[in-house]
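These notes are about the structure you will find just below.
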Amino acid sequence: MDNESQYSGYSYKSSHSRSSRKHRDRRDRHRSKSRDSSSRGDKSVTIQTPGEPLLDAESTRGDDRDDNWGETTTVVTGTSEHSISNEDLTRVTKDLEESTPLECKRFVGPTLGGCLSFFALVTPLAFLILPQVLWRDALEPCGTPCEGLYVSLAFKLLVLLISSWALFLRPPRSTLPRFFVFRCLLMVLVFLFVASYWLFYGVRVLEPRERDYRGIVEYAASLVDALLFIQYLALVLLEVRHLQPAFCLKVVRSTDGASKFYNVGHLSIQRAAVWVLDRYYSDFPVYNPALLNLPKSILSKKMTGFKVYSLDENTTNNSTGQSRAMIAAAARRRDNSHNEFYYEEAEMDRRVRKRKARLVVAVEEAFTHIKRLHEEELASSPKHPREVMDPREAAQAIFAPMARAMQKYLRTTRQQAFHSMESILTHLQFCITHNMTPKAFLERYLSPGPTMQYQQQNGRGRQWTLVSEEPVTSALRQGLIFSLRRLDFSLVVTVTPLPFLRLGEEFIDPKSHKFVMRLQSETSV
Amino acid sequence: MSTYTPGQPVTAVVQRIEIHKLRQGDNLILGFSIGGGIDQDPGQNPFSGDKTDKGIYVTRITPGGPAHEAGLRMGDKIMQVNGWDMTMVTHDQARKTLTKKNEDTVRLLVTRKSLEDAVKNSMGSYPRQ
Numbered sequence: 001m002d003n004e005s006q007y008s009g010y011s012y013k014s015s016h017s018r019s020s021r022k023h024r025d026r027r028d029r030h031r032s033k034s035r036d037s038s039s040r041g042d043k044s045v046t047i048q049t050p051g052e053p054l055l056d057a058e059s060t061r062g063d064d065r066d067d068n069w070g071e072t073t074t075v076v077t078g079t080s081e082h083s084i085s086n087e088d089l090t091r092v093t094k095d096l097e098e099s100t101p102l103e104c105k106r107f108v109g110p111t112l113g114g115c116l117s118f119f120a121l122v123t124p125l126a127f128l129i130l131p132q133v134l135w136r137d138a139l140e141p142c143g144t145p146c147e148g149l150y151v152s153l154a155f156k157l158l159v160l161l162i163s164s165w166a167l168f169l170r171p172p173r174s175t176l177p178r179f180f181v182f183r184c185l186l187m188v189l190v191f192l193f194v195a196s197y198w199l200f201y202g203v204r205v206l207e208p209r210e211r212d213y214r215g216i217v218e219y220a221a222s223l224v225d226a227l228l229f230i231q232y233l234a235l236v237l238l239e240v241r242h243l244q245p246a247f248c249l250k251v252v253r254s255t256d257g258a259s260k261f262y263n264v265g266h267l268s269i270q271r272a273a274v275w276v277l278d279r280y281y282s283d284f285p286v287y288n289p290a291l292l293n294l295p296k297s298i299l300s301k302k303m304t305g306f307k308v309y310s311l312d313e314n315t316t317n318n319s320t321g322q323s324r325a326m327i328a329a330a331a332r333r334r335d336n337s338h339n340e341f342y343y344e345e346a347e348m349d350r351r352v353r354k355r356k357a358r359l360v361v362a363v364e365e366a367f368t369h370i371k372r373l374h375e376e377e378l379a380s381s382p383k384h385p386r387e388v389m390d391p392r393e394a395a396q397a398i399f400a401p402m403a404r405a406m407q408k409y410l411r412t413t414r415q416q417a418f419h420s421m422e423s424i425l426t427h428l429q430f431c432i433t434h435n436m437t438p439k440a441f442l443e444r445y446l447s448p449g450p451t452m453q454y455q456q457q458n459g460r461g462r463q464w465t466l467v468s469e470e471p472v473t474s475a476l477r478q479g480l481i482f483s484l485r486r487l488d489f490s491l492v493v494t495v496t497p498l499p500f501l502r503l504g505e506e507f508i509d510p511k512s513h514k515f516v517m518r519l520q521s522e523t524s525v
Numbered sequence: 001m002s003t004y005t006p007g008q009p010v011t012a013v014v015q016r017i018e019i020h021k022l023r024q025g026d027n028l029i030l031g032f033s034i035g036g037g038i039d040q041d042p043g044q045n046p047f048s049g050d051k052t053d054k055g056i057y058v059t060r061i062t063p064g065g066p067a068h069e070a071g072l073r074m075g076d077k078i079m080q081v082n083g084w085d086m087t088m089v090t091h092d093q094a095r096k097t098l099t100k101k102n103e104d105t106v107r108l109l110v111t112r113k114s115l116e117d118a119v120k121n122s123m124g125s126y127p128r129q
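As they're listed, the protein sequences go chains A and B. Take the first sequence: its letter number 368 is residue 368 in the UniProt record's numbering, and every next letter is one higher. Take the second sequence: its letter number 37 is residue 37 in the UniProt record's numbering, and every next letter is one higher.
Pasting the structure below:
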C-alpha cells in the first residue's frame, strides 16, 4: 500500500479497462479521499517492493490488494495502511487461524510409539545383562553356543533397528480424527508381548535366580524373533495391504466441479481421506473464488420476470388466479440469458487471447535484453565495461517492460490474487538462473497450476474437516459418500468398487491371417 | 426377387427369353454383361433387393444387340440358361454356360421385380405350391 503523502505529482493512473477502474473505485472508497484520481498521462513504471506476503492461496480474499504496480508510479518510503476494510479483517482472522500454536496432539502418537519401540528394543539386552550384573558368580558358564547366539542376536537387533528407522521413523503427515486402528492394534500387541515376556522373566528368572544362562540367551533371542515378526505384521498392515487397488474414488470439488478419479486399495475412511488430500494438492487446479459465478448482468434479467405485486386490499380468488397467470406468462416469455452468456463467454475468450498475445510478445522481447556472461568473456572484458549483474538485478532490469502486460493478463484471467509482484520477480530470477526460455517462464501464469504451487511452507498445516455419515474408522465399501470440508469449499468423494475382471484367452495362430480380394467382376457375353 | 430360404425350393415368377447369338468375327456375342456369382461380393450388387443374393444379374445391355431385342433388361436376374441353373454358380461358370461355342441360341429364364408385381396385381394372391 502506498503512502499517500509521497504523491508529489508523479503518480498516474490509466483507466483502460473497466475492471481496473472497478478495483480502483472499491479501493478508493476505503482509502483516504485525498488520492488523485483522474489524471491520465504517460505511464512510467518503477519497481517498488510491496510488503505483503503471499497468503494461503485457498482462502477467499477480496480484491483489495494493490496490484496496480504495473501502472502507477510512486516513490517508495515504507508501507502503511490508512484504513482497514472488511476484507482486511477477514484476512487477519484467517491469518490468526493459520498461525495457531503448534498442537501437541500431533506428536502424542509418534512419541508413544517411539517409547514403546525403544522399550521393546532394549528389553532383550536387559534380559542378557541383568543376570550378569546381579548374580554373575552363580551362572553356569556357557561357551560357544552362547557366543553364536550373541552374534545372531546382535544382527537381528541391527536389522530391527534399521527397518524401524526406515519404516516408522518419519515425521507424521497428518492427524486423524479417530484412532488409527491398525497402528493402535500393533502398539497394543507390542506392549502385551513385551509385558508378558517381562512377566515371565521376572517370575521364572529373576525370582529364583536361574542359573542356566544359555536358556536365558535363547529366551532373549526368541523375543527378538517375535519382534521381527511383529514388524513384518506391521509392514503388511500399514504399508502393503492398501497397495492393491480395490475401489475407485471420484473426487469432485463443490465450487467449480473439478473432478478426478483415483484408484485406492482397502483403507478406512479417514486414511482414504488423507490419501485423497495428498493427491488433491498436486492434481487439482487451484481454487479461484473469482472465477465462480455468472456475471450478475446475465442472471438479473431472469429475476425481474417474477415480481408480481398485488396492491388490492381485498384479494379474491380471481386475483390470485390472475397473478398465477402472470407468473406463468412471465416464465414463458422468451428468456435470452443464454444468448447473453454465450456472447459474454466469447468476448471473454477474445479478451484473454488478446492479452495473452501481448504478454507473450512483451516477455519474449524482455528476455532478449539480457544474456548470460561466460567465463571467457569475463576475462576479455576490459574493452567492454558492461555492468555485470547477478540474477536478481537482471530480473529487476527486464521486469519493467513486461510488467504492465503481465498485470493486465493476470487481471483478465482473475489470477492477480495468486501472484504478487515479488513472487513474479522471484520466478523471473529463477528462470534466468536456469536458462529458461520465455515460454518456460510463462508456463506458470498461462494455466492455473495445482494448489501445491501456491503454498507457503509453514509447519502449521491445513485444517480439513471430514464429514461422513459412517464412523470414520470403518472400511471403504461400495456406495459410501463422504466429504472433506474446508472453509469455503468442499471435496465430495464417492466410492465405487473396481469391477471384477474375467480375463479369457484366445490363441491366434500367426499363420491364420489370410485375406482375399472382394470380387465384383462384370463380364460381357 | 423372392427371398431365399436355405433348403426350400426357390419360387419366382420368370420370363422365358430366347436370345440368338450374333456372330462377330470369331466370337458369338449375346450383347449383355453379367455380374454376381457365389464367389463374388453380393453387397455390391445394385440390382438385387436382398443384398445377400449371390445370383447372376444382368448389369448392362448393349442397345440394339441380340439381348436387347429379345427382351432382356438391365437388372434381370438369370435363373436358368438352357436348363442349367444359374442361382448357385460361380461367375466363371455362368460365363462359360452362356458362351458355349456350339450353341447358337440360349434360352434364359429371367426374373425381375416388375414381373412379380404384375402377377400380384392381376391375380390378387401369389400362387404358391
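Each residue gets a CB set at the ideal place from its N, CA and C atoms; glycine is no exception.
(request) Go ahead and pull the three-state DSSP assignment for Leu109 (chain B). (result) The three-state secondary structure of Leu109 (chain B), taken from DSSP, is strand.
(message) Quick check: the Cα distance between Glu505 (chain A) and Asn263 (chain A), rounded to an integer number of angstroms?
(response) Going by the C-alpha atoms only, they are around 26 Å apart.
(message) Can you give me the C-alpha to C-alpha distance between Ile269 (chain A) and Ser474 (chain A), rounded to a whole angstrom?
(response) Their backbone Cα atoms lie some 6 Å apart in a straight line.
(request) Would you mind listing the beta strand (DSSP E) stretches within the UniProt domain "PDZ" (16-113) of chain B that are 3+ residues and don't spill past its ends, in chain order? (result) If we require 3 residues or more, the beta strand (DSSP E) runs fully inside the UniProt domain "PDZ" (16-113) of chain B come out as 22-24, 27-29, 32-36, 56-61, 77-81 and 105-111.
(request) Report back the beta-carbon spacing between Arg106 (chain A) and Thr175 (chain A) to the nearest angstrom; my notes put them in contact at under 8 Å. (result) Correct: roughly 5 Å between the Cβ atoms.
(request) Since I believe Gly55 (chain B) is in contact with Met86 (chain B) (beta carbons under 8 Å), could you give me their beta-carbon distance rounded to a whole number of angstroms? (result) About 7 Å separates the beta carbon of Met86 (chain B) from that of Gly55 (chain B), a gap short enough to meet the 8 Å contact definition.
(request) Could you say which of B:Gln24, B:Gly35, B:Gly71 and B:Ser114 lies nearest to Ser521 (chain A) if we only look at CA atoms? (result) Nearest C-alpha to Ser521 (chain A): B:Gly35.
(message) Could you check if Ile432 (chain A) belongs to the surroundings of the ligand SAH, using beta carbon to heavy atom distance under 7 Å?
(response) With respect to the ligand SAH, the structure shown offers nothing to examine, as it has no ligands at all.
(request) Compute the distance between the beta-carbons of Pro448 (chain A) and Pro289 (chain A), then report whether it is under 8 Å. (result) No, these two residues do not count as a Cβ contact at 8 Å.
(request) With DSSP as the reference, please indicate the residues paired to Phe261 (chain A) in a beta bridge. (result) A:Lys250.
(message) Taking the alpha carbon of Thr90 (chain B) as the reference point, which residue from B:Ile38, B:Lys21, B:Leu28 and B:Phe32 has its own alpha carbon closest?
(response) The option with the nearest alpha carbon to Thr90 (chain B) is B:Ile38.
(request) Indicate whether Thr433 (chain A) and Val352 (chain A) have their beta-carbon atoms separated by less than 8 Å. (result) Not a contact, by the Cβ cut-off of 8 Å.
(message) Could you check whether Ile230 (chain A) and Val190 (chain A) sit closer than 8 Å to each other, using their CB atoms as the reference points?
(response) Yes, they are a contact pair.
(request) Output yes if chain E places a C-beta closer than 8 Å to the C-beta of Gly64 (chain B); else output no. (result) The structure shown has no chain E; the protein chains it does contain are A and B.
(request) Take Ser152 (chain A) and list the residues in its own chain whose beta-carbon comes closer than 8 Å to its own, dropping the five residues that flank it on each side. (result) Around Ser152 (chain A): Ala221.
(message) Buried or exposed, going by whether 16 or more other CB atoms sit within 10 Å of the CB of Tyr219 (chain A)?
(response) Its Cβ being crowded by 16 or more others within 10 Å, Tyr219 (chain A) is buried.
(request) Use the C-beta contact count for Leu336 (chain A): other C-beta atoms within 10 angstroms, 16 or more gives buried, fewer gives exposed. (result) Sequence check: residue 336 (chain A) is Asn here, not Leu. Exposed.
(message) Let me make sure I understand the geometry here. Which of A:Phe515, A:Pro401 and A:Cys431 has the alpha-carbon closest to that of Arg392 (chain A)?
(response) The shortest Cα separation from Arg392 (chain A) among A:Phe515, A:Pro401 and A:Cys431 belongs to A:Cys431.
(message) I want to verify the contact list: residues of chain A whose CB lies under 9 Å from the CB of Ile56 (chain B), in sequence order.
(response) For Ile56 (chain B), no chain A residue has a Cβ inside 9 Å of its Cβ, as the nearest lies near 10 Å away.
(message) Restricting to Cα atoms, I'd like to know which of A:Pro450, A:Phe482 and A:Val181 is closest to Ala234 (chain A).
(response) Measuring from the Cα of Ala234 (chain A), the nearest candidate turns out to be A:Val181.
(message) Check for me: the alpha helix (DSSP H) holding Val181 (chain A) runs from which residue to which?
(response) Element bounds for Val181 (chain A): Val181 to Tyr201.
(message) Taking the straight line between their C-alpha atoms, what separation do you get for Leu292 (chain A) and Leu466 (chain A)?
(response) Within the model, the alpha-carbon separation for Leu292 (chain A) versus Leu466 (chain A) is close to 24 Å.
(request) Could you name the residues of the region 93-127 of chain B whose beta carbon sits closer than 7 Å to any beta carbon of chain A, in the order they occur along the chain? (result) Correct list: Arg95, Leu98 and Thr99.
(request) List the whole-angstrom C-beta distance separating Thr111 (chain A) from Phe489 (chain A), where the pair is believed to meet the contact cut-off of C-beta under 8 Å. (result) About 34 Å separates the beta carbons of Thr111 (chain A) and Phe489 (chain A), which is beyond the 8 Å limit, so they are not a contact pair.
(message) Can you give me the C-alpha to C-alpha distance between Thr496 (chain A) and Ala273 (chain A), rounded to a whole angstrom?
(response) When the Cα atoms are used, Thr496 (chain A) and Ala273 (chain A) turn out to be separated by approximately 15 Å.
(request) Only counting runs of 3 or more residues, tell me where the beta strand (DSSP E) segments fall wholly within the region 108-153 of chain A, in order along the chain. (result) The beta strand (DSSP E) runs lying completely inside the region 108-153 of chain A and spanning 3 residues or more number zero.
(request) Could you check the C-alpha separation between Val217 (chain A) and Tyr280 (chain A) for me, to the nearest Å? (result) Cα-Cα distance, rounded: 52 Å.
(request) Using a Cβ-Cβ cut-off of less than 7 Å, list which residues of the region 30-46 of chain B approach chain A; keep chain order. (result) Those would be Leu30, Phe32, Ser33, Ile34, Gly35, Asp39, Gln40, Asp41 and Gln44, in chain order.
(message) Suppose the cutoff is 8 Å on Cβ atoms and the five residues either side in sequence are ignored; what does the same chain contact list for Glu119 (chain A) look like?
(response) One detail in the question is off: residue 119 (chain A) reads as Phe in this sequence, not Glu. So the list reads Val194, once near-sequence residues are dropped.
(request) Tell me, please, whether the region 42-49 of chain B touches the region 12-23 of chain B by the rule of three or more beta-carbon pairs shorter than 8 Å. (result) In short, these stretches do not touch, since the Cβ pair count stays below three.
(message) Can you pull out the residues from the region 508-522 of chain A whose beta carbon lies closer than 8 Å to at least one beta carbon of chain B?
(response) Under the 8 Å Cβ criterion, the region 508-522 of chain A contributes Arg518, Leu519, Gln520, Ser521 and Glu522.
(message) My output table needs one value for Val525 (chain A): the three-state DSSP class, helix, strand or coil.
(response) Note: Val525 (chain A) maps to coil in three-state DSSP.
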